[in-house]
Amino acid sequence: MRGSARPAQLLKQGCPGLDAVSPDAYKSGSDFNRLNLASMHDLRSIRDNPAAFDAGLARRGLSAQSGDILALDQRRRALQTEFQELQARRNEASKLIGAYKKEGKDAQPLLDEVAALKEKMPALEQQEKELGVELDGILASLPNLPADDVPEGKDEHDNVEIRRVGTPVEIAGAKQHFELGEALGLMSFDAAAKLSGARFTVLRGKLARLERALGDFMLDIQTNEFGFEEVSPPLLVKDDAAFGTAQLPKFTEDLFQTTNGFWLIPTAEVPLTNLVNDAILDSDELPLRFTARTPCFRSEAGSAGRDTRGMIRQHQFYKVEMVSITRPDQSQAEHERMTDAAETVLKRLGLPFRTVKLCTGDMGFSAQKTYDIEVWLPGQGMYREISSCSNCGDFQARRMKARFRAKGEKNTQFLHTLNGSGLAVGRCLIAVLENYQQPDGSILVPEALRPYMGGLERITA
RNA sequence: GGAGAGGUGGCGGAGUGGUCGAACGCGUCGGUCUCGAAAACCGAAGUACCCGCAAGGGUACCGUGGGUUCGAAUCCCACCCUCUCCGCCA
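Per our numbering, residue 677 is the first one in the first sequence, and the count goes up by one each step.
And the structure:
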């Protein structure tokens, strides 16, 4: 019942170099087959200006790719054209066959012709597919190109400080958050270790309440003052979603996966952004703004030994995330606006921070431009990242086929997507502890947060 | 988990082997009419890719993937999803 001669034919065709990233490479489980030619990066713009594409990659420290890409692209299109011509002839002949049979004419010559066509077609089709997979594999593994105004640089040392808000207070003998929390008896890493091992925390009593309060506080600001719509999304997602925001195919090792193939979200950016996947929106409903407080799950595979004490770097933490979906002409302004929304939380809490523009070498895979907000931690005596706001341009939108149509236009365009933490709740809790610690080890509750803490002014043992 | 039903264009809903990218209705857009609107009438209208300077031509897509056939929305297989009922459960 299965195809008989066909597979053998296909096998004859081998395809050199098809060991690149194949879609099945990212594991089993769900049906991942949405790859579509010419997504991820705009093949047309690479054709038009290969030098610019390579220059962008070079700023990311990557080698030129346009040569390989365009060669593959050209071969693929040639095959596609050839294949489609055969299909056209087959379709035409098949119609005639129908007509002939009706009229009682002899259709045998046409049948022979189609049979001959069908000798060639599977091989062509197969080759074309394989080239497409190879091409997609390359394109899917290349990061977004940095925006023009992103500073050149190797790592975080080359980031550029944009502004500083608030003045770090000198606290004599400042303690770190875990010292404070453990002394209060409200934060336990031992208890968490018994349950789950390293990189987990158990919060109790007023500290658990503080975590909840912080999240509520942030959500209220983002929804009431910045127009973000609160969302309660799934925390487990399929391959498609993880591919859309570009966790896949490259970063599987950073994620947790269930035995039946779901990915635990590393950030609500994944479900929130994928809300518009495969959509064609009207331009006048833009921008869309979403926010959600969710747990985030990260394997932290590559960070063994980093930030092992305390709750700076955890396998699981709460974060309020903001996602904006905009037209291309809106995204830059939206990026500033979103960053402002994140900063507003820190300002209200009276926490000193600085905002830096990430250099090319420090930016995430999907980002075109990123601002990090770093909060001052007296206990550590340094600024630590508490938010990251990125404009992804159309990079994610291409992957998830998120488009819009301008009023009166016939053609669709890709949307722009942005995401930013507003803020990381766990780290914000750390910042509150360290900045509001008192000599007696108690913690003053920031004024703005008191309504969220039932009026509580101070957390004590 | 058990039993059943079903997945078609923005929506509803036809279509069981050929001229079906898909009837019809609604909605949408343009026009006629009108002082204006409604109604009525006429017309337009899916997405993506390929070839082409263009005009234009072609291919694919009716949940997904395969198969049968000269030809598949229609037949076969597998999978996914949704809905209803029963059971279980937060």
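Where a beta carbon is used, it is the ideal one built from N, C-alpha and C, also for glycine.
Note that the structure is a prediction, hence the values are computed from the model and not measured.
Shown here, His-991 sits in coil according to DSSP, grouped into three states, outside any helix or strand. Taking C-beta separations shorter than 6 Å and ignoring five residues to either side along the sequence, the partners of Gln-990 in its chain run Arg-875, following chain order. Taking the CA atoms as reference points, Phe-902 sits about 7 Å from Ala-1017. The beta carbons of Met-998 and Thr-967 sit closer together than 7 Å. By the CB criterion at 7 Å, Met-716 and Arg-1075 fall inside the cutoff. Judged by DSSP in its simplified three-state form, Leu-940 adopts strand.
Considering only Phe-1090, Leu-948 and Arg-969, the residue with the shortest C-alpha distance to Asp-892 is Arg-969. In the DSSP assignment, no residue is bridged to Gly-1040. Between Lys-882 and Arg-735, the alpha-carbon positions lie close to 47 Å from each other.
Under the DSSP definition of a beta bridge, Gln-1113 partners with Ile-1119. With contacts defined by Cβ atoms closer than 7 Å, Ile-1106 and His-853 form a contacting pair. Rounded to whole angstroms, the gap between the alpha carbons of Gln-1114 and Leu-1120 is 7 Å. By the C-beta criterion, the segment 1023 to 1031 is judged not to be in contact with the segment 1128 to 1136, since fewer than 3 inter-stretch pairs fall below 8 Å. Less than 7 Å separates the beta-carbon of Asp-954 from that of Lys-1077. In the displayed model, Cys-1035 falls within coil according to three-state DSSP, outside both helix and strand. If you draw a straight line from the Cα of Glu-768 to the Cα of Ala-791, it is about 13 Å long. For Met-1076, the enclosing alpha helix (DSSP H) begins and ends at 1071 to 1076. When C-alpha distances from Arg-1003 are compared across Gly-1037, Ser-1066 and Gln-1089, the shortest belongs to Gln-1089. Counting only residues of its own chain and dropping the five nearest sequence neighbours on each side, Leu-931 has a CB closer than 8 Å to the CB of Ala-918, Gln-923, Trp-939, Leu-940, Pro-942, Phe-973, Arg-974 and Ser-975. Contact between Leu-1125 and Leu-1053 does not hold, since the beta-carbon distance rounds to 18 Å and is not under 8 Å.
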